[in-house]
Amino acid sequence: MAKKTAPDSTRRSEKSRRAIYDAALSLVSEAGYQKATIEGIAARAGVGKQTIYRWWSSKADVLLEAFLDLQEQAAEAVAVPGQEPEEYAIPDTGDLAADLKNVLRATVDELLDPKFEAPSRALAAAGVVDARLTEEFVAKLLEPQLQLYVQRLKSAQETGAVRPDIDPRIALELFVSPLAQRWLQRTGPISYDYTDTLVDYALHGLAPR
6 MAKKTAPDST RRSEKSRRAI YDAALSLVSE AGYQKATIEG IAARAGVGKQ
56 TIYRWWSSKA DVLLEAFLDL QEQAAEAVAV PGQEPEEYAI PDTGDLAADL
106 KNVLRATVDE LLDPKFEAPS RALAAAGVVD ARLTEEFVAK LLEPQLQLYV
156 QRLKSAQETG AVRPDIDPRI ALELFVSPLA QRWLQRTGPI SYDYTDTLVD
206 YALHGLAPR
């Protein structure tokens, strides 16, 4: 008689973890952050509530990790073969305005994608009252993305397209922060035309030429 192979607990745990990610993201999209619960996530994922609490301390932690995983999957889907995701950078075509407009247009697409929008808004709302969650979100996702702008602006400084005395980390907020505020507070529509205009205003200023 063939010897039975013991179940792979690591594989089983990964399957459960993936089911929990999917359940958390779908529940937040369908019911909103406030109505999504650990109990609901567990039921939809087909796991016990204690399984979730063994890995995460709160609903916000579950959602943050699920969203980070979603972002990682999205990055892998568009990755260039042979190029590690962490090697990604904003393309440098020599035209700073065009490069910034292209990456901001991609950001608009993501912000308007229901798959990303609901968990993004939920995390933003939870972060208002949970400083630790915000710090973790910024450290793990937001700041690494902003550093891509920093590197592109530094490259522009080297070619003379941006003044050498400019602080790239502050400068990027001229076009990134207005987009985030408009999207989060729904003060107006976000579109390619809007982000293109942000870039033009940021690079050329408001004074008469």
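The sequence shown maps to residues 6 to 214 in the working numbering.
Virtual Cβ for every residue (Gly too), placed ideally from N, Cα, C.
{"Item": "Buried versus exposed call for Lys64 [16 or more other C-beta atoms within 10 Å across all chains shown]", "Value": "buried"}
{"Item": "Top-ranked residue by Cα proximity to Ser125, from Arg22, Tyr26, Arg23, Leu30", "Value": "Leu30"}
{"Item": "Cut-off 8 Å between Cβ atoms - residues of its own chain near Lys8, not counting five sequence neighbours on either side", "Value": "The predicted model places Lys8 with a pLDDT of 47, which falls under 50 and marks its position as unreliable; any figure quoted below should be read in that light. None."}
{"Item": "7 Å Cβ shell around Ala129 - same chain, five flanking residues per side excluded", "Value": "Leu189"}
{"Item": "DSSP-derived helix/strand/coil call for Trp61", "Value": "coil"}
{"Item": "Proximity to Arg191 [Cα-Cα], best of Leu116, Gly37, Gln78", "Value": "Leu116"}
{"Item": "Residue of Gly37, Lys54, Thr112 minimising C-alpha distance to Ala24", "Value": "Lys54"}
{"Item": "Three-state secondary structure (DSSP) of Thr15", "Value": "At Thr15, the pLDDT of 48 sits below 50, so the modelled position is not reliable and the matter cannot be decided from this model."}
{"Item": "Pro90 - DSSP class collapsed to helix/strand/coil", "Value": "Because Pro90 carries a pLDDT of 49, less than 50, the predicted location of this residue cannot be relied on, and the following value inherits that uncertainty. Pro90 falls in the helix class under three-state DSSP."}
{"Item": "Cα-Cα separation, Pro159 to Pro173", "Value": "Pro is not the amino acid found at residue 159; the sequence shown has Lys there. If I take the Cα positions, the gap works out to 7 Å."}
{"Item": "Expected contact under 8 Å - CB spacing of Tyr93 and Ala80 to nearest Å", "Value": "7 Å"}
{"Item": "Exposure of Tyr38, with buried meaning 16 or more beta-carbon neighbours within 10 Å", "Value": "buried"}
{"Item": "Given Ser34 as reference, the closest of Phe121, Leu109, Gln78 once Cα atoms are compared", "Value": "Phe121"}
{"Item": "Leu153 and Ile95 closer than 7 Å at C-beta", "Value": "yes"}
{"Item": "Residues of its chain near Arg22, where Cβ-Cβ distance is below 8 Å and the 5 sequence neighbours each way are ignored", "Value": "Trp60"}
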